[in-house]
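Structure first, commentary second.
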Amino acid sequence: MARIQRLDPTTSSRIAAGEVIERPTSVLKELLDNALDAGSTRVDIELVNGGRHLIQVTDNGCGMSPEDASLALQRFTTSKIRSINDLPTLATLGFRGEALPSITAVAEVEMVTRPAEQPEGVLVRSHTSSAPQVHAIGCPVGTRVRVQRLFSHVPVRLRALKSVAREVQLMQELVAHYALAHPQVTLHMQHEGRRLLFAPASTDLRQRLAVIFGQELAAQMLPVSWQSLDLSIQGAVSPPSINRATRQRQYCWVNGRPVRSPLVSAALERAYGALLPPGRHPVAALGITLSPTLLDVNIHPRKTEIKFLHERAIFVGVQEAVEMVVQRLAPATLPWEEVTDTAAWQAITVPALHVGEAETPYDLRSVAPEGAAIQPLTQIGNTFIIAAGTQGLIVLDQHAAHESLLYESLMTAEPTSVELAEGFVLHLSVSQYNYVQRLQTSLAALGFQLEPFGKETVLVRTVPTILHTLLRLGNLLEAFQEAMQRSTSQSSPEEEREHLAAALACRTAIRAGDPLSTAQMASLVEAVTHQRLAYACPHGRPTHVTLSLAELERRFLRLTPSPPARGQGEE
Ligand code: ADP
Ligand code: MG
């Protein structure tokens, strides 16, 4: 971490200040922010008497040098920002340099800290009356802050505290919120030696959900994963059948910062619509990631609220992310587990048996137009979709099929585009920049609006609607690179557009190996029903093959060409 410095008066006056330490949770919150900002992978919390006698937080983060340790307890000293101009790019939870001094003002604070590069650490003790005292001490790398006798000199605050049990419960809620927002950190919390929470580090959100919500509820929660160019929403929500009388169990965090957001709760509940009984609320854990430039974190002294600068985009994003998983649970669809049970399918190998004239074993011609809808049955190997039509069995290559649909829709006369909430900045190489400049017309025809934005940089204003949720910074750059390599000085604008559409389709389509939801399978299969799916993807690979009834009959050595009449002749 950078060294601690005192903020200049202009900056400190512009930082939302105020009473920060109101109750034990306020202390714990500030100490957790500091431990996480220090890059810790393990944080231990010890409490005595509901936090009144002791709140101790031990971390294994970066620690502080002796000089920093004595500065840390003073007002407006921080290593996290240098001036107010750093706020738009803030990557830490803290930034005011006020927390430790505010705690010191209402309690006895003792801090033991050691950075990795020092053989030993220091002990800093601060009592309201005297200047901090610093002593050398042997200790592990990291920081331990002990806050004792909270509010012993502030009777007003002391009287306002709730029962020990209630204060402990509030702190437990707080730690649960942090645990969801930071699954990569091991969190351990105890009160007077009794363990209240142990959340081992995990990359799997479901494990964290199990710790916080209990195994049973966690198993039923539906994963949410949604991304657009400038916004990512990840987490889990309860199915509509699981709901609560309050919004207490709705956790939200933004760029790792646990917050309460009425906006996110409203968007979440809008997504359930009529599926939720009136007056009931879903359980949710939703993490939002976006550029810090699209946030104002400096609106609340306790940093528990933030302001989204583009509220509409957040609302729509959360609603869509949750709708995708909640509304898809219409009773007619099969539960996900049943659909993915492919073991039985994989055991069947189709014998390479040819009866009659030599031909490709699978009929590459599509079956005659289907009267009825083709039904998706299952996905095998996370690569192929098996579907049943009245005329036979259809196998789709999920990547080729999706790629082909994206390509076709990018090549329609006038693709629609979506304006991004905030322009999206793309840093290019010199050749990519020249290419993008030269191809403005073809890009505009696809629905991209790009503006020059300084040296080798463009601002993406709009993107084709069909790609809106699929585009990532990486795949967009790769697609430009691929299309650029196919472009020659002789290419016509129409050819350039084709190259771009093909590259974009290929980079954004679902891939072999991606598990699909029933709804995703259905939407690909629906394209076959309506004969919108081309036979080959832009690279010439088949998108789907049909095993017709006639073909099946030949394989089963049924020599009668027509299907048997209903109700008879089955043997
Ligand atoms: P802020 O977090 O807003 O910067 P604080 O008063 O909470 O202000 O902390 C002051 C400084 O002390 C921080 O900027 C940081 O450099 C240092 N610090 C506090 N706690 C820790 C910790 N657990 N590990 C490492 N450094 C810490
Ligand atoms: Mg802090």
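Numbered by our numbering, the letters in the sequence shown go through residues 172 to 742 in order.
From the three backbone atoms N, C-alpha and C, an ideal C-beta is built for every residue, glycine too.
Since this is a predicted model, take the numbers as computed values, not measurements.
- For H670, the enclosing alpha helix (DSSP H) starts and ends at 664-679.
- Counting along the chain, the unbroken beta strand (DSSP E) around F555 starts and ends at 555-560.
- Between the region 315-326 and the region 226-235, the count of Cβ pairs shorter than 8 Å is three or higher; the stretches touch.
- Those residues placing their Cβ nearer than 6 Å to any heavy atom of the ligand MG are, following chain order, E201, D204, N205, G265, A270.
- Distances between the C-beta of R267 and the heavy atoms of the ligand ADP include at least one below 7 Å.
- Taking a 10 Å sphere around the C-beta of G313, we find 16 or more other C-beta atoms and assign the residue as buried.
- Between the ligand ADP and the CB of D179, the shortest heavy atom gap is not smaller than 7 Å.
- Between S297 and S273, the alpha-carbon positions lie close to 12 Å from each other.
- Minimum Cα-Cα distance from L203 among the listed residues H348, E665, D239 corresponds to H348.
- Here G234 is actually not in contact with G210; their C-beta atoms are around 10 Å apart, not less than 8 Å.
- Your pair L271 and L294 does not check out as a contact, with CB atoms roughly 15 Å apart and the cut at 8 Å.
- Annotation for Q391: S409, P410, I413 place their beta carbon closer than 8 Å to its own, counting only its chain and skipping 5 residues before and after.
- Out of E344, M495, R365, Q378, the CA that lies nearest to the CA of Q421 is found in E344.
- Between the ligand ADP and D401, a heavy atom-to-CB distance of less than 7 Å is absent.
- Burial is judged here by how many other beta carbons sit within 10 angstroms of a residue's own beta carbon; T636 has fewer than 16 and is exposed.
- Residue range 455-461 is occupied by the beta strand (DSSP E) that includes A456.
- C-alpha of E627 to C-alpha of Q176: approximately 36 Å in a straight line.
- When Cβ pairs closer than 8 Å are counted between the two stretches, the region 599-617 is seen to touch the region 636-652, the count reaching three or more.
- Under the DSSP assignment, T229 falls outside any alpha helix (DSSP H), being part of the beta strand (DSSP E) whose first and last residues are 225-230.
- Between the alpha carbons of E217 and P371 lies a gap of roughly 17 Å.
- For R703, no pairing in a beta bridge is given by DSSP.
- Following the DSSP letters along the chain, one finds R726 inside the alpha helix (DSSP H) bounded by residues 720-726.
- Scanning its chain for C-beta atoms nearer than 8 Å, with the 5 sequence neighbours on each side dropped, one finds around A437 the residues F486, in chain order.
- Boundaries of the alpha helix (DSSP H) harbouring M655: 644-657, taken from the DSSP string.
- Here the region 469-477 lies against the region 179-199, with 3 or more beta-carbon pairs under 8 Å apart.
- Assigned with DSSP and collapsed to three states, M235 falls in coil, not helix or strand.
- Closest by C-alpha distance to P286, out of L577, R174, I404, is R174.
- With a cutoff of 8 Å on beta-carbon distance, R668 and S580 are scored as not near each other.
- The secondary-structure analysis by DSSP pairs C423 across a beta bridge with V430, L457.
- When rounded, the separation of the alpha-carbon atoms in R632 and C423 is 28 Å.
- Going by DSSP, V219 is part of the beta strand (DSSP E) stretching over 213-219.
- Burial check for Q569: the Cβ neighbour count within 10 Å reaches 16 or more, so the residue is buried.
- At least one heavy atom of the ligand ADP lies closer than 7 Å to the C-beta of G232.
- Contact between I459 and D467 is ruled out by a C-beta separation of about 14 Å, above the 8 Å threshold.
- Contact between I404 and L447 fails: their C-beta atoms lie close to 19 Å from each other, not under 8 Å.
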